[in-house]
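S.K.: Sharing a structure, written as structure tokens. Questions coming.
Residue numbers (my numbering): 313 to 569.
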């Protein structure tokens with residue numbers, strides 16, 4: 313199995329001002345490329361949910377993600393979209409996802425808020441994630457460390473390999489690292505450096521699709537991790553164990569009829 317732990321599926325009905333929005337005309341086109349590359353499952357949210365500007369963005373992004381999950385739970389595993397500017401909607405969707413047994417939140421980014429993750433606006437929602445037992449997927453930053461230290465029982469996935477943060481993040485046992493992003497996929501040594509600091513049990517393969525080509529990250533991972541056992545952990549084993557530790561619905565399986 314190859315599970316991409318960091319995917320944003322297109323929202324063709326809305327523009328958030330990024331050049332990648334012109335690549336796919338539909339979710340179906342994007343999913344077809346993922347599958348052609350060999351990806352067998354994804355943890356995802358919708359593009360409009362990455363750059364939320366309104367309560368409508370929060371609501372529609374979550375509704376669309378759950379609809380895709382209902383369509384094919386063997387391939388899709390949605391992460392809840394939250395935004396502190398819309399606390400009631402965020403709390404509603406955290407509860408709704410948990411009711412469905414879906415335990416992933418994010419990837420959450422601070423772009424629109426322009427406020428670091430360890431500030432009170434975010435921390436109120438993160439504490440709810442903690443109490444719910446949900447896994448929190450955060451765009452990598454120094455604020456991630458503040459959240460992890462304040463809530464040591466909250467499972468956090470930090471997105472992207474930022475070399476200057478690796479040692480400090482790896483010292484926090486409640487932090488996992490996803491291997492997504494431009495520098496990780498293109499630069500030799502980034503995945504290897506992540507393995508050196510985190511070991512093989514806390515790394516998750518991911519791409520940041522729809523921005524980057526999954527095939528590049530598959531090739532880079534196969535070259536960076538020649539040991540088959542290590543590679544299998546990173547491609548799928550670690551994320552499956554992380555999801556299992558949070559409980560909820562069994563991921564990437566079709567329901568029994």
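Just so you know, even glycine gets a beta-carbon here, dropped at the ideal spot from N, CA and C.
(1) Is the segment 549-556 close to the segment 524-534, with three or more CB pairs under 8 angstroms?
(2) Give, in chain order, every unbroken run of the alpha helix (DSSP H) that is at least 4 residues long and sits entirely within the segment 354-408.
(3) Ignore the nearest five residues each way along the sequence and tell me which others in residue 459's own chain have a CB closer than 8 angstroms to its CB.
(4) Measure the alpha-carbon distance for residue 370 versus residue 353 and round it to whole angstroms.
(5) Is the beta carbon of residue 491 sitting closer than 8 angstroms to the one on residue 452?
(6) From this set, 446, 545 and 541, which residue's C-alpha is nearest residue 486's C-alpha?
(7) Can you grab the Cα-Cα spacing for the pair residue 326 / residue 539, in whole Å?
(8) Could you tell me which residues DSSP pairs with residue 529 in its beta bridges?
(9) Grab me the residues of residue 509's own chain with a C-beta within less than 7 angstroms of its C-beta, minus the 5 sequence neighbours each way, in chain order.
(10) Which residues does DSSP list as the beta-bridge partners of residue 470?
(11) Count Cβ pairs between the segment 500-516 and the segment 334-349 that sit closer than 8 angstroms; are there 3 or more?
(12) So residue 562 and residue 415 are supposed to be a Cβ contact under 8 angstroms. How far apart are they, rounded?
(13) Reducing DSSP to helix, strand and coil, say where residue 507 ends up.
(14) In the DSSP output, what is residue 465 paired with across the bridge?
(15) Shortest alpha-carbon distance to residue 376 belongs to which of 360, 406, 329 and 345?
(16) Which two residues bound the contiguous beta strand (DSSP E) that contains residue 418?
(17) Suppose you measure from the CA of residue 384 to the CA of residue 356; what does that come to, to the nearest Å?
(18) Out of 313, 457, 470 and 386, which has the shortest C-alpha to C-alpha gap to residue 514?
M.R.: Let me lay it out:
(1) no
(2) 359-362 and 367-383
(3) 429, 430, 434, 435, 438, 448, 450, 466 and 468
(4) 23 angstroms
(5) no
(6) 446
(7) 43 angstroms
(8) Partner(s): none; residue 529 has no beta bridge.
(9) 478, 479 and 482
(10) 450 and 489
(11) no
(12) Not really, about 11 angstroms apart at Cβ, beyond 8 angstroms.
(13) helix
(14) Residue 465 is not bridged to any residue.
(15) 360
(16) 416-420
(17) 13 angstroms
(18) 470
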